[in-house]
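Chains Y and E supply the protein sequences, listed in that same order.
Counting in my numbering, the first sequence runs from 1 upward without gaps.
Counting in my numbering, the second sequence runs from 1001 upward without gaps.
In this text, a Cβ means the ideal position worked out from N, Cα and C, and glycines have one as well.
In this text the structure is predicted, and so the values were computed from the model without any measurement.
See below for the structure under consideration.
2 protein chains.
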Amino acid sequence: MAKQTTPELIAEKADTLFYERGFEATSFADIAKAVGISRGNFYHHFKSKDDILDAVITRRLATTRAMLAGWEEDADPAQRIISFVRILIVNRSKIMAYGCPVGTLNTELSKLDHSAQNRASDIFALFRDWLASQFAALGHRQDAQDLAMQLLARSQGVAVMASAFGDEGFLRAEVAAMESWLAALPKNLTTKRQGH
Amino acid sequence: MAKQTTPELIAEKADTLFYERGFEATSFADIAKAVGISRGNFYHHFKSKDDILDAVITRRLATTRAMLAGWEEDADPAQRIISFVRILIVNRSKIMAYGCPVGTLNTELSKLDHSAQNRASDIFALFRDWLASQFAALGHRQDAQDLAMQLLARSQGVAVMASAFGDEGFLRAEVAAMESWLAALPKNLTTKRQGH
DNA sequence: TCTGAATTAGGACAGTTGTCCTAATTTGTC
DNA sequence: GACAAATTAGGACAACTGTCCTAATTCAGA
């Protein structure tokens, strides 16, 4: 593994802190402590806190792309979608403690009326477009985007409720229900054409 | 209308600010300005910011109970549930700007590891239990709680995505889909008994 | 080994935070 | 109208915020 530069290390630690505590609630002092550098040193790498947020979003866009690319190794689009659904299981501890990193960041930036909210929603757009292409590969050309948004929204709802109630059982039940829903979707509609 | 006491007025203005900006991002100065009283005056009514949060949650519990009671005037349980779903439409402007007040408060308090998060989730519990009793009245005795949680989660997912993308079309489409789902639910299962 | 650039630590800075105190004012009751 | 209680304004307080500066250190290339 290549050695991490200081800006990369700052972005990584800030990413975790912004997720676990929120953007506003995380101070420079918190990040400095996590990285192990002095507070005043930040401004050689980032000119403001918003700049760090920008780097964190860029980082999340990159890790999301990498994760989606990894799921592409599975030949079956249905299995790829199941990989997406199962991140709820894989990350269940963090999700029950802090919610979904993408959803909660978007929510916070909306409230702060922060200009970076548009870039944050691009992370959602990555998932949406990737899911839509999987649904399209399953033959759902007409409603690929709708199905993608539905699944994305449902995952968000699960994350919010599981975190609010600390209810792992609900999370697991909903993941199972989403997999059943996926299996029950009509397939091989490739040649079917619906009138406009 | 009875004249509002100062503590009530503080709780009302804080309620709005906590919703629109978040709990942490709202300062005493912000609330003081909204109420029109001096900053130092707070401590005669509330001994800390957490005390104000407590009053805000108490207020939200009360307004939620009142709203649910209002919906009870409709004789048809299915229509009552539709009243719930349609708050997404009624409050769409605020939801697209700030998300769901209940969900976003729970999310923020989770991240802050705040002791009031349990009380905040009680607001969700009010909705869940009320919805469950409506589903039970529709004949879904066995799975009333599950259906309530599903509908609650779906609403939360819609609020998160509609706010992230600023997508009113998605919000409206999902409300319509939830109403269709409700209409398609099997009814009059009152006499049916499933084992155990 | 020398030199210029990159990186660092530590602190100064003005502003804001939640909290608390005191003194003045208003209020309700006799 | 007098008086005790409730309520108010305004500011003090230490701690913390994001930002910025300067001087010391480390590093890379000749």
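Of all residues in the stretch 148 to 173 of chain Y, only 149, 150, 152, 153, 154, 155, 156, 157, 158, 159, 160, 161, 162, 163, 164, 165, 166, 167, 170, 173 come within less than 9 Å of chain E when Cβ atoms are compared, listed by chain position. Each of E/1085, E/1014, E/1098 was checked against the Cα of residue 1029 of chain E, and the nearest Cα belongs to E/1014.
Taking a 10 Å sphere around the C-beta of residue 186 of chain Y, we find fewer than 16 other C-beta atoms and assign the residue as exposed. Under the Cβ distance rule, residue 34 of chain Y does not count among the residues neighbouring chain E, no pair being separated by less than 8 Å.
The beta carbon of residue 1105 of chain E is closer than 6 Å to those of 1120 in its chain, skipping five residues each way along the sequence. Selection E/1008, E/1179, E/1101, E/1095 evaluated against residue 1051 of chain E yields E/1008 as nearest (Cα-Cα). Residue range 168 to 184 is occupied by the alpha helix (DSSP H) that includes residue 168 of chain Y. The three-state reading of DSSP puts residue 74 of chain Y in coil, since its state is none of H, G, I, E or B. In its chain, beyond the 5 residues on either side, no residue has a beta carbon closer than 6 Å to the beta carbon of residue 63 of chain Y.
Residue-level contact check: residue 1017 of chain E does not touch chain Y, since none of the beta carbons of chain Y fall below 8 Å from its beta carbon. In terms of beta-carbon proximity, residue 68 of chain Y stays away from the interface with chain E, with every pair separated by 8 Å or more. Listed in chain order, the non-local C-beta contacts of residue 1152 of chain E below 8 Å within the same chain comprise 1124, 1127, 1128, 1131, local neighbours out to five positions each way being set aside. Put simply, the stretch 1078 to 1095 of chain E does not touch the stretch 1108 to 1116 of chain E. Fewer than three CB pairs are less than 8 Å apart. Along the stretch 114 to 137 of chain Y, going in chain order, the ones with a CB nearer than 7 Å to a CB of chain E are 121, 124. Residue 1012 of chain E sits in a helix when the DSSP states are folded into three classes.
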